[in-house]
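**Q**
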Amino acid sequence: MRQFLYKILFIFSLGFILPQMVFAAQISFDTKTTQMQVGKNFEVILFVNTEQENINAFEGKVTFPGNFLDLKEIRDGNTIVNFWVEKPKAQDNTIVFSGVTPGGFNGRNYLLFSAIFEAKKEGVAKFGVNDARILRNDGIGSMAVLSITPFELVISKGSRAEISAIPKIKDRERPELFVPEIARDELVSGGKWFLVSATQDKGTGIDHYEIKETRQRFLGIFSKWISGEFPYVLQDQELRSYVFVKAVDKAVNTRVEQISPRNPLGWYENYENWLIIILGLAIAYVVKKLLWRKY
Amino acid sequence: MKVFITLFLISLISFSGVISSQFVFAVSSDITITGTVPGCGDGVIQSGEECDGSNLVGQTCATKGFSGGSLSCNVNCTINTSQCTSAPFGGGGGGGGGGYIAPVETVAVFSGRAYPKSTVTLLKDAQIAAIAIAGSDATFSIKLSGLSGGNYIFAIYSEDSKGVRSSLLTFPVSITSGATVNVGGIFIAPTIATDKSEVKRGDNIAIFGQSVPKGEITVVVSSEEEFFGKITADQNGTYLYNFDTAQLDMGQHFTKCDGAISFFNKAISFAVGTKTVFAQPVKCPAKTDLNGDCRVNLVDFFISVYWYKRPSPPATTDLNGDGKVDLIDFSIMAFYWTG
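As given, the protein sequences belong to chains U and X, one line each in that order. In this text, residue positions in the first sequence follow the numbering used here: the first is 3, and each later residue adds one. In this text, residue positions in the second sequence follow the numbering used here: the first is 140, and each later residue adds one.
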């Protein structure tokens, strides 16, 4: 009789627990195989399933055994994350990430990012996610119930498992169109003018941004590009420069956008104009000399 | 000779001006916004329509000069040949000609209903991609070109005649390179506002906003129990619902509404108390607009990024008031995003 009661209680408790398990958002790993050979490269993909929740922010630390694996590359092309607060980066055998998708979304198997590893030695490589948070798109940033499925990979010297090659991404497309903006706020660098910009690349993902400020429109081609992160405090606080922003993807495709100066130089202040005038005078002088000799 | 030199200089300067003006305008947008064709979408070919839905009026890729592929109809009832394959142009006699493949464009077309003559803003990956004006019947259609193949998050919102914004409606879309994706049937939830921020118990509170013309609105007032009310919007889509607060307890309450075929808009709050306080019209987003430009966009995001994990952030950046800027603050900002 007592066993029967326990069974009934167990079934009832399942009834309470299961729906919560079903509706928990998930962060899961995916790879082509669970077996790997020493010396081979493989890709581990991190997905998110929202499970009926409308979510807009994610963060966590993907842990991997550094003694077994060598992290080669992180790919975030085609990610569901619109803006990275912390772009996925390696940090002491972890990959730290934090990002948002304004407006939120709801769905299954959306890519966060993927990582390419090389198997270094035999053993069982365990992957996990620490300090993970997924937040609801509810205006107060409440935490969604989250379940994480850890992942294990067996590395051996002579694995017979068929190991598929890591798909090479043929990325010939430039990063997406974007509109850089210049702004000023007392909250950033004591009210200095700063530059912000963001774009996506649907192939390999954005690698970095470069910025160029130049007061000369044409001779600016000789100015140097500076690798930068946003918010980028402008060097020319008088806003007399053309500002160019170059987005570079991981396949080195680039897209350059330009902001014209708010306070452009007067024609007499721009030495490009003086160069043109001097050049014109020199040509005129030469022509005059030639004509004088001829007649 | 002086005249010659002067003329030469003038031509040089004007030539540099021509180059510079071209240089300035070299950066252009690939976004095209098309208007809505009345009657389009009913499957019946009317004046000005090349096709309507699956009704292609007997046209095929072949009749359009292509060698094969499938012809389709855009949401604005124009023929879509993007899935047609091009025939190689024949070469000269004996030698065989060179080939030509027409460049295919990756396009997404968004259509649906907002509010009559309202501004509809389309965000692509959280940044403004296009702005269109809805017709007097509240329909809109936006065509976005210059896309790549891949996953996008599109979002759409509208602003009613009083400047009140709707909720952001988002939809992840996977786009194949060279294809045209039609996202139709977008119904933006009605806007909602109240005339009072606090109402004396027993007095009426006016709940109003804008929807589609003659749209049926369900107003929900959430308290310990929920109260439902139905009202039909007028020809301009505006609605007004007077709610008797005698049935509510003292304290904070929420109201929201939906437009029969749309999702619920985000709830707004009001208090029931001992006095009446009229609400001020709120056009700008609340505290998430850090630089006060009435938009929540990249500038606000990067102001927060600047203070992310820094000690003692300013109160304006710490949106939940927990003494730090972390993911929760970014989540709150993402909820109020306008692009």
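C-beta: ideal position from N, C-alpha, C; glycine also.
(1) Taking the alpha carbon of Thr151(U) as the point to measure from, which residue in Ser30(U), Val198(U) and Gly160(U) has its own alpha carbon closest?
(2) Can you pull the chain X neighbours of Arg135(U), defined as C-beta to C-beta under 8 Å?
(3) Residues of chain U with CB closer than 7 Å to the CB of Val438(X), please, in chain order.
(4) Among Gln386(X), Val416(X), Thr319(X) and Pro420(X), which has the Cα closest to the Cα of Cys212(X)?
(5) Name the chain U residues whose beta carbon is nearer than 9 Å to that of Ser336(X)?
(6) For Gln391(X), which residues in the same chain have their Cβ closer than 7 Å to its Cβ, ignoring the five residues on either side in sequence?
(7) If Val40(U) sits next to Ala121(U), beta carbons under 8 Å apart, how far is it from one beta carbon to the other, in whole angstroms?
(8) Tell me whether the beta-carbon of Pro67(U) lies closer than 8 Å to the beta-carbon of Asp78(U).
(9) To the nearest angstrom, report how far apart Leu261(X) and Asn69(U) are at their CA atoms.
(10) Using beta carbons (cut-off 8 Å, strictly below), is Leu307(X) in contact with chain U?
(11) Spatial neighbours of Asn381(X) within its chain, please: C-beta separation below 6 Å, excluding the five flanking residues on both sides.
(12) Checking 8 Å against the spacing of the C-beta atoms, do Pro452(X) and Lys463(X) come in under that value?
(13) Please name the residue, chosen from Phe99(U), Lys128(U) and Gly193(U), that lies closest to Asp32(U) on a Cα-to-Cα basis.
(14) Using the rule of at least 16 other Cβ atoms within 10 Å of the residue's Cβ for burial, across every protein chain shown, is Ile57(U) buried or exposed?
(15) Using the Cα positions of Leu114(U) and Val64(U), report the straight-line distance between them to the nearest angstrom.
(16) Measuring only the C-alpha atoms, how far is Asp72(U) from Phe119(U)?
(17) Rounded to a whole number of angstroms, what is the C-alpha to C-alpha distance between Leu236(U) and Trp195(U)?
(18) So Ser305(X) packs on Ile272(X), CB below 8 Å; how close in whole Å?
(19) In the DSSP output, which residue or residues are listed as bridge partners for Gln391(X)?
(20) Buried or exposed: Lys353(X), going by 16 or more other Cβ atoms within 10 Å of its Cβ?
(21) Who are Arg252(X)'s beta bridge partners in DSSP?
(22) Any beta carbon of chain U sitting closer than 8 Å to that of Gly230(X)?
(23) Check whether the segment 459-474 of chain X and the segment 47-55 of chain U are in contact - that is, three or more C-beta pairs closer than 8 Å.
(24) Do three or more CB pairs link the segment 463-476 of chain X to the segment 258-269 of chain U at distances below 8 Å?
(25) Are the C-beta of Lys63(U) and some C-beta of chain X separated by less than 8 Å?
(26) What alpha helix (DSSP H) runs, 4 residues minimum, are completely inside the segment 432-470 of chain X?
(27) Suppose contacts are defined by Cβ-Cβ distances below 8 Å. Is Asn255(U) in contact with Glu175(U) by that definition?
(28) So the beta strand (DSSP E) Lys296(U) belongs to, where does it begin and stop?
(29) Would a C-beta distance cut-off of 8 Å place Val134(U) and Gly62(U) closer than the cut-off?
(30) Under three-state DSSP, which class holds Gln386(X)?
(31) Please list the residues of the segment 258-285 of chain X that have a C-beta atom closer than 9 Å to any C-beta atom in chain U, keeping them in chain order.
(32) If I measure Cβ to Cβ from Tyr112(U) and keep anything under 7 Å in the same chain, skipping five residues before and after, which residues do I get?
(33) Considering just the uninterrupted stretch of the beta strand (DSSP E) at Pro177(U), what are its terminal residues?
(34) Under three-state DSSP, which class holds Gly141(U)?
(35) List, in order along the chain, the chain U residues whose C-beta lies closer than 7 Å to that of Ser287(X)?
(36) Checking 8 Å against the spacing of the C-beta atoms, do Val322(X) and Ala265(X) come in under that value?
**A** Looking at the coordinates:
(1) Numbered from its first residue, the first sequence carries residue 151(U) at position 149. Ranking Ser30(U), Val198(U) and Gly160(U) by Cα distance to Thr151(U) puts Ser30(U) first.
(2) On the first sequence, position 133 is the one that residue 135(U) refers to. In chain order: Leu466.
(3) The residue labelled residue 438(X) in the question sits at position 299 within the second sequence. Under the 7 Å cutoff, chain U gives Glu183, Ala185 and Val198.
(4) One-based indexing of the second sequence puts residue 212(X) at position 73. Nearest C-alpha to Cys212(X): Thr319(X).
(5) The residue you call residue 336(X) lines up with position 197 of the second sequence. Within chain U, no residue comes near Ser336(X); the closest Cβ sits about 17 Å away, beyond 9 Å.
(6) Taking the first residue of the second sequence as position 1, residue 391(X) is located at position 252. Around Gln391(X): Ser408 and Ala410.
(7) For this step, residue 40(U) is matched to residue 38 along the first sequence. For this step, residue 121(U) is matched to residue 119 along the first sequence. Right, the Cβ-Cβ distance comes to about 5 Å (below 8 Å), so this counts as a contact.
(8) The residue you call residue 67(U) lines up with position 65 of the first sequence. The residue you call residue 78(U) lines up with position 76 of the first sequence. Against a cut-off of 8 Å, the Cβ pair of Asp78(U) and Pro67(U) comes out as no contact.
(9) In the second sequence, counting from the first residue as 1, residue 261(X) sits at position 122. In the first sequence, counting from the first residue as 1, residue 69(U) sits at position 67. Computed Cα separation, rounded: 48 Å.
(10) As a first step, residue 307(X) must be located in the second sequence, where it is residue number 168. For Leu307(X), the answer is yes, since a Cβ of chain U falls inside 8 Å of its Cβ.
(11) In the second sequence, counting from the first residue as 1, residue 381(X) sits at position 242. Contacts found: Asn343 and Ala345.
(12) Against the second sequence, residue 452(X) aligns to sequence position 313. Against the second sequence, residue 463(X) aligns to sequence position 324. A contact, by the Cβ cut-off of 8 Å.
(13) Within the first sequence, residue 32(U) is the residue found at index 30, counting from 1. Checking every option, the nearest Cα to that of Asp32(U) belongs to Lys128(U).
(14) Taking the first sequence and counting its residues from 1, the one referred to as residue 57(U) is at position 55. Flag for Ile57(U) reads buried.
(15) On the first sequence, position 112 is the one that residue 114(U) refers to. On the first sequence, position 62 is the one that residue 64(U) refers to. Computed Cα separation, rounded: 12 Å.
(16) As a first step, residue 72(U) is located in the first sequence; it is residue number 70 there, counting from the start. As a first step, residue 119(U) is located in the first sequence; it is residue number 117 there, counting from the start. Using only the alpha carbons, I get a separation of about 5 Å.
(17) Numbered from 1 along the first sequence, position 234 holds the residue referred to as residue 236(U). Numbered from 1 along the first sequence, position 193 holds the residue referred to as residue 195(U). Distance between the alpha carbons of Leu236(U) and Trp195(U) is about 6 Å.
(18) Counted from its first residue, the second sequence places residue 305(X) at position 166. Counted from its first residue, the second sequence places residue 272(X) at position 133. Rounded, the Cβ-Cβ distance is 15 Å, inconsistent with contact.
(19) In the second sequence, the residue the question calls residue 391(X) occupies position 252. Bridge partners of Gln391(X): Ala410(X).
(20) On the second sequence, residue 353(X) is found 214 positions in, with the first residue counted as 1. Burial call: exposed.
(21) Here residue 252(X) refers to the residue found at position 113 when the second sequence is read from its first residue. Answer by DSSP bridge pairing, in chain order: Thr278(X) and Phe326(X).
(22) Your numbering for residue 230(X) matches position 91 in the second sequence. Model confidence at Gly230(X) stands at a pLDDT of 33, short of 50, so the residue's coordinates are unreliable and nothing is read from them.
(23) Contact between the segment 459-474 of chain X and the segment 47-55 of chain U is absent: fewer than 3 CB-CB pairs across the two stretches fall below 8 Å.
(24) no
(25) If you number the first sequence from 1, residue 63(U) lands on position 61. Chain X contact via Cβ: absent.
(26) 437-446
(27) Within the first sequence, the letter at position 253 stands for residue 255(U). Within the first sequence, the letter at position 173 stands for residue 175(U). In contact: Asn255(U) and Glu175(U) (Cβ atoms closer than 8 Å).
(28) Mapped onto the first sequence, residue 296(U) falls at position 294. No beta strand (DSSP E) holds Lys296(U); the alpha helix (DSSP H) holding it covers Tyr273 to Lys296.
(29) Working through the first sequence from its first residue, we reach residue 134(U) at position 132. Working through the first sequence from its first residue, we reach residue 62(U) at position 60. Inspection of the sequence shows that residue 134(U) is occupied by Ala rather than by Val. Cβ atoms of Ala134(U) and Gly62(U): closer than 8 Å.
(30) Within the second sequence, the letter at position 247 stands for residue 386(X). Gln386(X): helix per DSSP, three-state reduction.
(31) Listed in sequence order: Leu262, Lys263, Asp264, Ala265, Gln266, Ile267, Ala268 and Gly285.
(32) On the first sequence, residue 112(U) is found 110 positions in, with the first residue counted as 1. So the list reads Phe49, Val50 and Ile82, once near-sequence residues are dropped.
(33) As a first step, residue 177(U) is located in the first sequence; it is residue number 175 there, counting from the start. That residue, Pro177(U), is in no beta strand (DSSP E); it is neither H nor E in DSSP.
(34) The residue you call residue 141(U) lines up with position 139 of the first sequence. Three-state DSSP puts Gly141(U) in coil, outside helix and strand.
(35) Indexing the second sequence from 1 puts residue 287(X) at position 148. Residues of chain U passing the Cβ test: Glu175, Glu178 and Lys204.
(36) Along the second sequence, one-based indexing puts residue 322(X) at 183. Along the second sequence, one-based indexing puts residue 265(X) at 126. No; because the gap between Cβ atoms is not below 8 Å, this pair is not in contact.
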